[in-house]
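Colleague: Chains as they are written, first to last, in this note's numbering: chain A, 522 to 793; chain B, 522 to 793.
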């Protein structure tokens, strides 16, 4: 950790106690349009799993389905180890509020990352260094204040579009915590949802938008990620289709040294 | 339907009755290395949801986590509508065998696909017509006998590798049912797991392999898919990384007319 004092992100993702039932609360510091930033919710769920006494191995995959808006305040996490094998664990987590209404449903796989043949097929997209890139200005959403976005390509332009622009949904950007914090599995999870909706880029405007389901795969073991010892990632994302009120996104998160740390995909609602 | 008689795929994915608990059984016709073909399992789960009396809307996303090998024989599907909103439904399905051991854990989102701005950002990969492509020979796995794979690019070569070959994980192939069957949400689901493990292509050999988690997004409403009235899709898949016993895969399934029907991603175990 770079900071000795508690980081806002650690406050925002705090969960307490419990064997199967954990508690947490939303943070005004990571607020989006109509609820908490989804990346923060996903990280909170992963945190309950990472801190669970029965947890073994490293996060391999995490899918979070956002079932309903999460209200400001407290929530319960029902955490269940569905199946454990010799080298992997399957978890199911339900986030509920106010009398058991499910707001979020997640599944996760943890695994012992045993040595194997290794090959990085994807090409590092590369970019000018973080220090040389310009920080993206704050938006009204408080969660964006907690990150330092530095676009290398595809910086969104929400207010004003040239005549007949080509439709572009691709962007490449550095993402770090505004107050630097060493990247771990939690921030990697959160950042995998921190790309901005592709529809905003494609339409060059902010429209009603909400992630419905996000899946992130982790490609480094926890100790490998720790050894990177980094405070920002190079993130690239694109979309394949916008149709009938839903659009997709797929993205990659890279260490500055060119190591693929995570890949992520999501399907999101939009109104346009 | 092209065939009046029951199609093997429909036999293999048959489920019966029940409000929350459905029953099915594995099919020897769709067998893989150590259990049923995962695509068939995923389709069976989706079928229980599609046939559920409470289901509303079309499949939007499906995530299936393979927790343990599925034994030959019967299984139970515990189907639960976790949350329903005005225009979407969130489901959770657990497949259990022999006294409640969970073999598969799935979540799904269904949605009313309302009209919206529409744009297909991904480019149709294109290919010589299905009729002109050569069928891939059968493998020992019976599930492959039920499909007609016609590779356009990246046909796997499992037995024999040139010296210092470039590592390629990409393939582009037509996929249809061997006995033609009109593509529906079920076969689209199954085919999204029918690419062959990317590690087989990259290593040019068959190695121990198993999908751990697969997520598929559907980009056409059911009636749009029906209107395509097709019996095969053009499927393209690639991998980004193989590391510490796990590798990823991402793929696209296209109609012959160039419509993106589904995108899929998975994380899979391998031993190499």
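Backbone N, C-alpha and C fix where the C-beta goes; we use that ideal spot for every residue, glycine too.
By the three-class DSSP mapping on this structure, what secondary structure does residue 572 of chain A have?
Modeller: coil
Colleague: If you follow the alpha helix (DSSP H) that residue 665 of chain B is part of, which residue opens it and which one closes it?
Modeller: 663-666
Colleague: Chain A beta carbons: is any one of them nearer than 8 Å to that of residue 784 of chain B?
Modeller: yes
Colleague: In chain A, which residues lie with their C-beta within 7 Å of the C-beta of residue 781 of chain B?
Modeller: 761 and 762
Colleague: Excluding sequence positions up to five away, which residues of its chain have a Cβ less than 7 Å from the Cβ of residue 781 of chain A?
Modeller: Counting only Cβ-Cβ distances below 7 Å, and skipping sequence neighbours, we find 641, 643, 740, 773 and 775.
Colleague: Out of A/717, A/561, A/730 and A/676, which has the shortest C-alpha to C-alpha gap to residue 766 of chain A?
Modeller: Residue A/730 is the option with its Cα nearest to residue 766 of chain A.
Colleague: Would you mind giving the Cβ-Cβ distance between residue 628 of chain B and residue 570 of chain A, rounded to the nearest angstrom? I have them listed as a contact below 8 Å.
Modeller: The pair is not a contact, with the Cβ atoms about 16 Å apart (cut-off 8 Å).
Colleague: Answer yes or no: do residue 668 of chain A and residue 702 of chain A have a C-beta to C-beta separation smaller than 8 Å?
Modeller: no
Colleague: Alpha carbon to alpha carbon, what distance is there between residue 547 of chain A and residue 533 of chain A?
Modeller: 7 Å
Colleague: Fully enclosed by the region 601-666 of chain A, which alpha helix (DSSP H) runs are 4 residues long or longer?
Modeller: 663-666
Colleague: Do the region 709-724 of chain A and the region 757-766 of chain A touch if we need at least three Cβ pairs shorter than 8 Å?
Modeller: yes
Colleague: According to DSSP, which residues form a beta bridge with residue 753 of chain A?
Modeller: A/697
Colleague: Rounded to the nearest angstrom, what separates residue 543 of chain B and residue 583 of chain B at their Cα positions?
Modeller: 18 Å
Colleague: What would DSSP say about residue 550 of chain A, mapped onto helix, strand or coil?
Modeller: helix
Colleague: List the residues of chain A that residue 613 of chain B touches, going by C-beta distances under 8 Å, in chain order.
Modeller: 613 and 626
Colleague: At a CB distance below 9 Å, what residues from the region 627-659 of chain A approach chain B? Give them in sequence order.
Modeller: 627, 628, 629, 630, 632, 633, 634, 635, 636, 637, 638, 639, 640, 641, 642 and 643
Colleague: Starting from the Cα of residue 585 of chain A, find the closest Cα among A/708, A/728, A/734 and A/599 and give me that residue.
Modeller: Cα-wise, what sits closest to residue 585 of chain A is A/734.
Colleague: Where residue 632 of chain B and residue 654 of chain B are concerned, what is the direct C-alpha to C-alpha distance, given to the nearest angstrom?
Modeller: 36 Å
Colleague: Pick out whichever of B/792, B/787 and B/793 has its Cα sitting closest to the Cα of residue 559 of chain B.
Modeller: B/787
Colleague: So, under 8 Å CB-CB, residue 704 of chain B and residue 755 of chain B are touching, yes? Tell me the CB distance rounded to an integer number of Å.
Modeller: Not really, about 11 Å apart at Cβ, beyond 8 Å.
Colleague: Residue 679 of chain A: which of A/695, A/595 and A/659 sits nearest, CA to CA?
Modeller: A/659
Colleague: To the nearest angstrom, report how far apart residue 617 of chain B and residue 624 of chain B are at their CA atoms.
Modeller: 5 Å
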